[in-house]
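Let me begin by presenting the structure, written as structure tokens, before commenting on it.
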Amino acid sequence: MLLSELAEKELIEMENGVRYGYLSETECLFDPKTGKIFGFELHEQSAKIPFQKKKVTTPLFIPWEEIHLIGEDRILFHRTSSKRRQFET
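Throughout the sequence shown, residue numbering follows UniProt numbering, covering 1 to 89 in sequence.
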């Protein structure tokens with residue numbers, strides 16, 4: 001599968017069916033030496049209302065181990081976390 005095909009897939013949490021957007025809207029965290037993917041960091045998108053303060057939010061993290069299924073147009077995962085683990089580099 002090409003990375004461009006993966007980026008077009010929608011992220012959906014399995015427990016409650018919440019949609020988190022598309023994989024292309026995330027930051028992929030990986031080990032540059034081995035290429036191992038740790039997970040994906042997703043910054044919450046605030047409503048784009050002019051002249052309004054932006055909320056400072058912590059990014060959500062989807063660990064690679066929580067991804068259950070990569071389907072034709074969706075990626076199903078078990079849970080997100082507001083904290084990412086420290087990874088060995």
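The beta carbon of each residue, even a glycine, is placed where N, CA and C say it ideally should be.
Quick test of your reading: E79 and E15, contact by CB under 8 angstroms. State the CB separation rounded to the nearest angstrom. To locate residue 79, count along the sequence shown from 1; it is residue 79. To locate residue 15, count along the sequence shown from 1; it is residue 15. Glu is not the amino acid found at residue 79; the sequence shown has Arg there. About 7 angstroms separates the two Cβ atoms, so the contact holds.
Every unbroken alpha helix (DSSP H) inside the segment 5-80 [4 residues or more]: The segment 5-80 contains no whole alpha helix (DSSP H) run of 4 or more residues.
Environment of I75 [buried if 16+ CB atoms lie within 10 Å]: Indexing the sequence shown from 1 puts residue 75 at position 75. So I75 counts as buried.
With distances taken Cα to Cα, identify the nearest neighbour of K36 among E72, M1, P63. Numbered from its first residue, the sequence shown carries residue 36 at position 36. The shortest Cα separation from K36 among E72, M1, P63 belongs to P63.
Evaluate L69 with the Cβ neighbour count: other Cβ atoms within 10 Å of its Cβ, from every protein chain shown; 16 or more gives buried, anything less gives exposed. Mapped onto the sequence shown, residue 69 falls at position 69. With fewer than 16 Cβ atoms within 10 Å of its Cβ, L69 is classed as exposed.
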